[in-house]
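Every letter in the sequence shown is one number past the one before it in my numbering, and letter 15, counting from 1, is 15.
We put the CB at the ideal spot given by N, CA and C, even for glycine.
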Amino acid sequence: IKGGNVMKKKLMVLGVAILMVLSFVGCSSSAEEEKSAVEMIKEKGKIVVGTSADYPPYEFHKEINGVDTYVGFDIAIAQKIAEDMGVELEIVDMKFDGLRAALTGKKIDFIAAGMNPTEERKKSVDFSIVYYDAHSTMLVAADKVDMLKAPEDFKGLKVGVQKGTIQEEIADTQFPDSEKVAISKIPNLIMELQSGKIDGIILAEVVAKSYADANESIAVNNLDLGSEGGVALAINKNQEDLLSQINSTLETIIEDKTLEKYIIEATELSAQ
Numbered sequence: 001i002k003g004g005n006v007m008k009k010k011l012m013v014l015g016v017a018i019l020m021v022l023s024f025v026g027c028s029s030s031a032e033e034e035k036s037a038v039e040m041i042k043e044k045g046k047i048v049v050g051t052s053a054d055y056p057p058y059e060f061h062k063e064i065n066g067v068d069t070y071v072g073f074d075i076a077i078a079q080k081i082a083e084d085m086g087v088e089l090e091i092v093d094m095k096f097d098g099l100r101a102a103l104t105g106k107k108i109d110f111i112a113a114g115m116n117p118t119e120e121r122k123k124s125v126d127f128s129i130v131y132y133d134a135h136s137t138m139l140v141a142a143d144k145v146d147m148l149k150a151p152e153d154f155k156g157l158k159v160g161v162q163k164g165t166i167q168e169e170i171a172d173t174q175f176p177d178s179e180k181v182a183i184s185k186i187p188n189l190i191m192e193l194q195s196g197k198i199d200g201i202i203l204a205e206v207v208a209k210s211y212a213d214a215n216e217s218i219a220v221n222n223l224d225l226g227s228e229g230g231v232a233l234a235i236n237k238n239q240e241d242l243l244s245q246i247n248s249t250l251e252t253i254i255e256d257k258t259l260e261k262y263i264i265e266a267t268e269l270s271a272q
């Protein structure tokens with residue numbers, strides 16, 4: 001009986017010890033969860049932006065002093081956000097249609113990729129204020145620019161769009177008699193257009209002009225397909241502190257015309 005009591009006491013002590021350990025782990029986990037997004041980013045010393053660097057002048061690759069560099073006005077905005085937070089910027093380049101999954105999977109902290117804040121996207125992520133708006137137009141072969149000027153001119157023809165973008169919806173609604181070709185990367189769409197495998201590409205006007213300026217074989221047909229609805233930065237839901245920080249930076253650069261400077265510089269760089 002005495003031995004049994006000793007054993008019971010040992011089990012009780014062990015049980016208490018386990019509960020204390022679990023309680024400590026729980027408290028530690030809770031403390032971690034209570035940290036805000038901004039606090040965690042500052043602890044890491046870096047903020048990670050996801051982009052799709054094939055969309056000049058928003059974001060694209062450029063060789064500068066022999067080094068492949070991410071440039072564009074979205075990249076400049078991301079750099080300013082990092083600077084205002086006092087952290088380094090890490091850039092992750094991927095396909096546009098994989099960005100939201102990377103964000104909700106917490107592989108990146110925000111998205112800067114000329115993204116439209118559509119109602120469908122708002123179901124899974126939050127958006128900053130709109131900082132730029134552009135109209136969509138089309139790229140066609142330069143020798144067909146006078147023949148392909150309106151949606152009806154593309155009846156029975158192939159219209160290219162970047163997969164996962166607002167331009168996909170434009171193709172569906174405004175080009176019902178055309179065959180839509182959706183591809184993840186814009187340079188691949190340009191190659192398809194230049195080789196005659198597709199007949200036009202729907203793009204944001206500023207992007208279309210950047211590609212046309214860099215390629216004599218293609219041209220903008222000046223077809224106005226309407227506003228894109230503006231672009232914004234995407235952030236995970238329930239990160240109000242990070243959203244506030246990002247909006248503060250955007251409001252400042254819009255008000256003091258710094259954003260205008262970023263856009264001009266990026267547009268000039270994309271044409272070089």
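Rounded Cβ spacing between residue i and residue j (contact assumed at less than 8 Å)
i: residue 125; j: residue 235; result: 7 Å
i: residue 99; j: residue 52; result: 7 Å
i: residue 171; j: residue 202; result: 6 Å
i: residue 160; j: residue 192; result: 6 Å
i: residue 232; j: residue 127; result: 4 Å
i: residue 211; j: residue 139; result: 6 Å
Buried or exposed by the 16-neighbour rule on C-beta atoms within 10 Å, applied to residue i
i: residue 134; result: buried
i: residue 209; result: buried
i: residue 245; result: buried
i: residue 67; result: exposed
i: residue 137; result: buried
i: residue 109; result: buried
i: residue 167; result: buried
i: residue 115; result: buried
i: residue 162; result: buried
i: residue 190; result: buried
i: residue 77; result: buried
i: residue 118; result: exposed
i: residue 105; result: exposed
i: residue 256; result: exposed
i: residue 199; result: buried
i: residue 272; result: exposed
i: residue 39; result: exposed
i: residue 216; result: exposed
i: residue 218; result: buried
i: residue 112; result: buried
i: residue 266; result: buried
i: residue 196; result: exposed
i: residue 204; result: buried
For residue i: DSSP bridge partner residues
i: residue 69; result: 62
i: residue 89; result: 47
i: residue 113; result: Beta-bridge pairing links residue 113 to no other residue.
i: residue 55; result: 59
i: residue 227; result: 135
i: residue 219; result: 140
Proximity test, Cβ basis, 7 Å: residue i and chain B
i: residue 140; result: Protein chain content of the structure displayed is limited to a single chain, and chain B is not contained in it.
> What are the complete beta strand (DSSP E) segments, minimum 3 residues, inside the region 122-208?
Replying inline: With a minimum length of 3 residues, the continuous beta strand (DSSP E) runs that stay inside the region 122-208 are 125-127, 136-141, 158-162, 179-183, 200-204.
> Is there contact here, the region 63-75 with the region 257-267, by at least three beta-carbon pairs under 8 Å?
Replying inline: Contact holds between the region 63-75 and the region 257-267, because three or more Cβ pairs, one in each stretch, are under 8 Å apart.
> Contact between the region 247-254 and the region 169-177: three or more CB pairs below 8 Å?
Replying inline: Contact fails: fewer than three Cβ-Cβ distances are below 8 Å.
> Hey, which unbroken runs of the alpha helix (DSSP H) at 4 residues or more fall wholly within the region 232-259?
Replying inline: Runs of the alpha helix (DSSP H) inside the region 232-259: 240-255.
> Touch check for the region 74-91 and the region 147-157: three-plus C-beta pairs under 8 Å?
Replying inline: Segments in contact, no.
> At a cut of 8 Å, does the region 183-197 reach the region 41-58 through at least three beta carbon pairs?
Replying inline: The region 183-197, when compared against the region 41-58, does touch it at the 8 Å Cβ threshold.
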